[in-house]
Structures are given as structure tokens and as C-alpha cells.
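The number in our numbering is simply the position in the sequence shown, starting from 1, with 1319 added. Just so you know, even glycine gets a beta-carbon here, dropped at the ideal spot from N, CA and C.
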Amino acid sequence: MVTSSHNEPGAGHNATLAGLRAKIYTTPTVHHNGVEGWTTYWQLSWEPIPAASRYLVYYATAEGVSATPHPTSEPQWRLSIATGIGSCETDRIEQEDYLLAAQLQVIIAAQFADGSLGTPSAPIAVGMILT
């Protein structure tokens, strides 16, 4: 869960994520067997929060919110959302990525040195483009 009795938001920290940006991009790759391929990523970034020691990323699905956060020290999170062999029709992949938005979301909270959390973000749909 995003907050618990041990990690309540606050302790003097008024931290809310701002400046959310998300993009989808595809890069060529070479698989371990030497075959050419591609990987499509969804990357979310935000403005750094002063005094945050790290950020906790939680996954949310129709079944609920993950209990285990994924920590990151940088104000960004990147997910591999598609991969394949051969050439990629980038436009087609990026259009299909919108299907992910209904299936996976992330919630992000800043964590401070004392263990307290800032205000968790609203769920952000994976695959959405934010500018």
C-alpha cells in the first residue's frame, strides 16, 4: 500500500509531484543471440522534490495496488512495454501502447530521510503521453 502507519505522509513535508512528463520511444536492440530487434519504452519524469531521498513507485492494476514499492533515486521511471525481433513499425506500436493505460498504472511518492512519505500521486496510466 502507498501509505501505512509507519510511513504517513507529512512530518512537515508538503511534497506533491509536479511537472509530470511521459513519453514513448522505441530503440533498436541486438538480442543476446545476435538477432536485431527493438524495444519500446514508456518513461515518466517529474520535477525533483527538495529533500526527497528517493521516490517510491507502486504499480496499480484492477486487482489493487502493489504492496512492494520500486525505489528510484532519480525523478524518473522507465518501463519496457514492448519488444520484438526484426524491424518495428514505431507508429503502430506507440498507438497500441494506449491499451496499456487501462491495464497498468503507477503511483509515485517521495520518501524523505526520516522515512516519511510525501503525498502520493494520483494513478498515472502507463502508456499515456504527457507533455
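Return the Cβ separation of Gln1430 and Leu1436 in integer angstroms, given the expectation that the two are a contact with Cβ distance under 8 Å. Contact flag correct, Cβ pair sits at about 6 Å.
Does the Cβ-Cβ distance between Tyr1344 and Leu1398 come in under 8 Å? Not in contact: Tyr1344 and Leu1398 (Cβ atoms no closer than 8 Å).
Any idea what DSSP makes of Gly1356, helix, strand or coil? Shown here, Gly1356 sits in a strand according to DSSP, grouped into three states.
Could you tell me whether the Cβ of Pro1439 comes closer than 8 Å to any Cβ of chain C? Checking the listed chains, one finds no chain C in this structure; it contains a single protein chain.
Paired residues, beta bridge with Gln1362 - DSSP: BP columns for Gln1362 point to Lys1342 and Arg1397.
Could you check the C-alpha separation between Gln1395 and Leu1363 for me, to the nearest Å? Those two C-alpha atoms are separated by around 5 Å.
Measuring from the CB of Gly1437, is there a heavy atom of the ligand SAH at a distance below 7 Å? The model depicted lacks the ligand SAH and carries no ligand whatsoever.
Mark Val1354 as exposed unless 16 or more other C-beta atoms lie within 10 angstroms of its C-beta, in which case mark it buried. It counts as exposed.
Whether or not the stretch 1378-1390 and the stretch 1332-1342 are in contact is what I'm after, with contact meaning three or more pairs of Cβ atoms, one per stretch, closer than 8 Å; do they touch? Fewer than three Cβ pairs drawn from the stretch 1332-1342 and the stretch 1378-1390 lie within less than 8 Å of each other, which leaves the two stretches out of contact.
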